[in-house]
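Below: one structure, written as structure tokens.
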Amino acid sequence: MKLAAAFRWSDFPLQAALALAYGLLAKVTLVLFPTGVAAIVWPSSGLALAALLLGGRKYWPAILIGAFAASLMQGDSAAISLFIAAGRTLEALACVWLLAPGTRFDPALNQLQDYARLVSAAAIGAGASVLISTTASWLFGLLATPAIAVSLLYGWQGDVFGIALVTPLVLVWRTLPQGWFGRERLAETVACFGLAFLFGQAAFLGLFHDLFGLAIQDPWMFMFVIWSALRFGRHGVLLVVAMMVVQALLGSMPHVPAAPFYFWLDMLSLPLIGLSLALTITERNRGAQTLRTSEERLKIATDSGQIAVWEVDLKTGKLTWDDICFTLYKIPRESFSGNFDEWAERLHPEDLAPTLAAFEKAAAGLGDYYPNFRIRWPDGEVRYITGRSRLIRDRAGNPERMIGTNWDITGLKQTEAALRASEERLKLATASGQIGIWEYDMGSRKLTWDDTMLSLYGVRRDDFAGTYEAWASRLHPEDRAATEAALQDAIADIKDYEPEFRVIRPDGTVSYIKGHAHVIRDQAGNPESMIGTNWDNRAHALTQQQLQMAHAAINKSRSAFFWLNREGMVTDVNDAACRSLGYDREELLGMHVWDFDPDFPPEAWAPMWEGLRKTRVVNIETRHRRKDGTIFPVEVVGNLFNSEDQEYSFVFVQDISERKMAEEALQIAAATFETHEGIMITDADANIIRVNQAFQNISGYNAQEVIGKNPRILSSGRHDAAFYAGMWRHLLNEGSWTGEIWDQRKNGQVYLKWMTITAVRNKQGKTTQYVAIFSDITEWKRAEEEIRSLAFYDSLTKLPNRRLLLDRLQLALSVSVRSHHYGAVLFLDLDKFKTINDTLGHDYGDLLLIEVAERIKLCVREADTVARLGGDEFVVVLEEISTSAEDASQKVALIADKIRAALIAPFLIKGREQHSSTSIGVCLYYENRESADDLLKQADMAMYQAKDSGRNAVRFFDPLMQQAVETRTSLEVDLRRAVPNHQLRLYYQIQMDNDQRPVGAEALVRWICPLRGLVSPMQFIPIAEESALILDIGHWVLETACRQLEEWGRNAHTRGLILAINISAQQFRMPDFVERVAAVVRSHHFPPSRLKLELTESVVLNDVAGVIEKMRLLGALGIKLSLDDFGTGYSSLSYLKRLPLDQIKIDQSFVRDITTDANDAVMVQAIIHMAMNFGLEVIAEGVETDAQLAFLRQHGCMAYQGYLFGKPLPIEEFEALLKRDLENAGP
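Take 299 as the starting number for the sequence shown in this note's numbering and just add one per residue.
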């Protein structure tokens, strides 16, 4: 900010004058209002900002000097005065910067948005001044620390009000008003401002009260604010407000108001409401003038066009036409008798009945008559006619005649089809003000903008990509979802596309956009494209914001305001009106006065309105009825205002219940006393003297039972003497006490209440009464506890959940640091719980989990934590076990065995005896050497070690386990690079028939890692299955195997070989597995029957029906299916007869001891015979000796695989082996 760039020595006199004016204004303020009125208003701030806005920032030195002098005059030291002056100067400069030209602020204050920007800048800029001055006062020891907040608030209040009032006063009154003292307006001018002055004297200085004993309430000041706003605009409002503020401040002396913030708020509402109303009405009048001009232009256009005018006398039926009517209907004037039927004869037969029906309905006053019909000329030509009409009534309100127009629209009808697309563009451009036009092709997603659109979005044509995404990316993040959703709704023909949104321009500024669009559809109704418009909506958006500010200002008033139209209907209200009547704003809008005024019948409205039109102001007392039916007295002041051709009344309603209380004291006091909260009043000795009905409802005691008693009869016994002593000590010292307290009802039920006790003191400061107001919060507290339970406890077992477990474990680590004791974390997982859930149902499993939780809790101390992580996983935290690691280990082992033994004992669930067991992992902790998360991981690893050891076991965490985990993690990281880096290879193991001829091979995947060398499948396959890498590896194997089959198909010796590959359970369960296999097979040229998929028994353990369907689909493709490792799973026999298999592979664990173990021999014979009965092929794997081969061949095995014939080999070595075996086999 270049503060001295425009300074000239010729400005020195003005600089001096401004400094002097600033200082004198501050001095006058301090002299006239010595009691701290600066907390309400500091006029010098307003003068400073006005000077900078009119003269420029070059006048800041004058403000600095004036503020410095003002502070010295106030008695401050030179040092602190310099700080305060700097703050005042920075405040004015900050406000000017906030109102820079880029904000579109007009110092003339012609629009509401200008005043809104001024007040907003004041609210922000004032913070600089008060922050600096308050900090300086505190640093120099002039301000105590507890008083800082109050000092900041009061300083900010004074500066904001000073700017909100004085700055507009200077900016507006630098141009004098015109016509106030002319003959027509002199009387109103004197009346308005004279009465306003006298009102201020009466309301704030007690003029009439001293003379006549009258007291005038200050809310009436809004009547003069409104009067001046409507009749004298900005000048009048500011003059009235300035008078009233000065008088109000003088009236507040010699003391600062008891509630300076609310006094400041009331004073601030005067300029805010007044100026907002004046500027709003000015803008309305400006808009009405624009509308009137447009109507005059339309009339000229109508008069100059070929528009026929007609009139019908509804009593005689006589029809009168102008000359254009005769031309339009082709009826000679001399042959026209004015008979209504002569016109009806010209109507097209199809349009006769509806046109006459519409006319008769309009003539009866039941609707509008806007006809569209066809007529026939004498030569048979059909013409299209349209028109407008108006019904004229006599003085009694009866229909008397109709006047209307007709014109020929045949030309439009004839060109409508040919110009439909152009008409859509024209219609949209017209509807949106002919601003920016865009077109969007949904097929190509291409977006076309005209130059105006580019300007709206601040984009150069070369930088605009012309796509939907290019537009959507510019939407404001907060508006994007709603705007795109509205676009999709329009495309789906749900609703029209008329969005309002913001866009972020390339320079970072925000534009407010409003749009309209039309969807172009093909003959089938499908959307093809969209044509739309955008236009700058900033003015409307800001106007809405300013109207909201004006509404908010009115809403801050504690008095009710209503806007009424000439029918007595409510068109607008403020929040106080809603509160006074108990209705929502939407409920009040559209209601009539008599809906909530029981003393005002509907038929009384018209006479009242006529009286209001004569007097312009009405002042009555009546009663209003709230939504709940209660009635209360009000004073109503209504003003009649005219806005062009409309009349409306702005009504101020004041609840005068308190005034009426003097006349009906007992009745009103009783009504006020009966609230929904319990009230108990005691004397100074704490003896109950009065209670309300809510007290009786809550406590169960009636008034006679408690009056004269001490409140201790309500005591629940849950609080000790120290609690009550503290409560009374605070009550006596502070004058009030608020808190929760447990009391007891008459029936003995204990309940929790929130209570406030206030001491009532007389003028001498002596306590005369105590008033206790309370509410029963028992249910609310119970709901709070339920919410806490949901957040920290497992809903099934009521044990702590993971969140609470981690908190307690972290706390246990902290305790260990202080006590130097070892603790332990036990991780429990039920063995085979999934089987129980799957076979007996989740409800059964939940009951078992509840029983398990109870048994675990019985095995540990009450101070220990038992938590459920989810599923069948539990965690136990044992604290402060021992200072010795060895001793702690022994004690934890005993507790773990105790838990394990408890869970082995049978459970009785739903009358059924259920057996279970658990695997427990244990991890000791000491101080905070490991984090809570690390301890849980270590215990989890130990638990898995317990499961691996055979379940129903306890294992302590071993650091070697962590090393194994890290090794596994490192192996997984390297494995993820194997497929993309081409580190996988297929090795082939030959398969032979009974004649020892090669019939195929099994493809086995091998990983050759650059760092690790050849990695065993036993190492990486389990990791691949756990991490889902098996899916990528399986697809690579399938692709590579099919490519090899295609290669073998080119050689006569190998084209008949079958290649088998292993399919994992995860891979097979993919929803699109069959489609993936089919796609790969189709992409290579070989018979699908040469591909064999080997499935393990784990594939068919779940969703048998789905598995069978997939296998049938694969078989339909010609692909062979083999069940691998048959005989190792318990489920094979039950599913074998249902599965569409081609082959069974006998697991090598049976083949290995087939010649030495009778059990294995019997098992192999059974498998072979069963497969033969089912018509399946049989192949045995792991054949390593001639004896094994002879046994298998003797019992009917058909094919063999194993080291006897060859180990798995790379493709080059395998093909060499294959060539040799084929040569040895002979023809």
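Quick reminder that beta carbons are idealized off the backbone N, C-alpha and C, glycines included.
- Scanning its chain for C-beta atoms nearer than 6 Å, with the 5 sequence neighbours on each side dropped, one finds around P475 the residues H533, in chain order.
- Setting aside the 5 residues that flank it on each side, D820 is surrounded in the same chain by E826, each with a C-beta closer than 7 Å to its C-beta; the list follows chain order.
- Less than 7 Å divides the Cβ of A365 from the Cβ of A383.
- Secondary structure of H814 (DSSP, three-state): strand.
- The criterion of a C-beta distance shorter than 7 Å is not satisfied by A1244 and L1222.
- A contact is defined here as three or more CB-CB pairs under 8 Å, and the stretch 451-464 meets this definition with respect to the stretch 416-432.
- Take L1167, set aside five residues on each side of it, and the residues of its chain with a beta-carbon closer than 8 Å to its own are N1099, R1100, L1103, V1173, in chain order.
- By the neighbour-count criterion, in which a residue is buried when 16 or more other Cβ atoms sit within 10 angstroms of its Cβ, Q1188 is exposed.
- Bridge pairing for P1098: Y1091 [DSSP].
- Selection S633, L650, G615, A779 evaluated against R699 yields G615 as nearest (Cα-Cα).
- With distances taken between CA atoms, S1325 lies nearest to R1274 out of F1366, V464, R1274.
- For D739, no alpha helix (DSSP H) run applies; the uninterrupted beta strand (DSSP E) run containing it begins and ends at 734-739, by DSSP.
- Linking D1440 to L1419 through their CA atoms gives a straight-line distance of about 5 Å.
- Of the candidates D404, Q372, L416, L416 places its Cα closest to the Cα of C393.
- Under DSSP, Y1224 shares a beta bridge with Y1120.
- When C-beta atoms of the stretch 398-414 are compared with those of the stretch 373-389, fewer than three pairs fall below 8 Å, so the two segments do not count as touching.
- Judged by DSSP secondary structure, N1031 falls within the alpha helix (DSSP H) whose first and last residues are 1019-1032.
- Burial is judged here by how many other beta carbons sit within 10 angstroms of a residue's own beta carbon; A1464 has fewer than 16 and is exposed.
- Judged by DSSP secondary structure, F624 falls within the alpha helix (DSSP H) whose first and last residues are 621-627.
- Under the three-pair Cβ rule at 8 Å, the stretch 883-890 does not count as touching the stretch 913-923.
- The secondary-structure analysis by DSSP pairs D1041 across a beta bridge with S1013, Y1049.
- Sequence-distant partners of W1040 (beyond 5 residues in either direction) whose C-beta falls short of 7 Å from its own C-beta, in its chain, are S1014, R1016, H1017, V1048, L1050.
- Under the rule that a run must span 3 or more residues, the beta strand (DSSP E) segments found entirely inside the stretch 1451-1497 read 1475-1479.
- For the pair L1357 and A1377, the CB atoms are not nearer than the 7 Å cut-off.
- The C-alpha of A1023 is placed about 24 Å away from the C-alpha of R988.
- Shown here for F993: same chain residues with a beta carbon closer than 7 Å to its own, the five before and five after excluded, namely G976, I977, M978 in chain order.
- Setting aside the 5 residues that flank it on each side, R800 is surrounded in the same chain by L773, H774, E776, D777, V808, S809, Y810, I811, each with a C-beta closer than 8 Å to its C-beta; the list follows chain order.
- Between the beta-carbon of M1461 and that of D1291 there is about 23 Å, and that puts the pair past the 8 Å contact cut.
- In the three-state DSSP reduction, E1178 falls in the strand class (E or B).
- N408 carries a coil assignment under DSSP once its states are collapsed to helix, strand and coil.
- Judged by their CB atoms, P931 and K958 are nearer to each other than the 7 Å cut-off.
- If you draw a 10 Å sphere on the C-beta of W1035, you find 16 or more other C-beta atoms in it, and that means buried.
- Separation of the CB atoms of P311 and L323 is rounded to 18 Å, and the pair is thereby denied contact status at 8 Å.
- Sixteen is the threshold: since fewer than 16 other Cβ atoms of the shown chains lie within 10 Å of the Cβ of H1213, the residue is exposed.
- When beta bridges are read from the DSSP output, F657 appears opposite no residue.
- With 16 or more other Cβ atoms inside 10 Å of its own Cβ, L1437 counts as buried.
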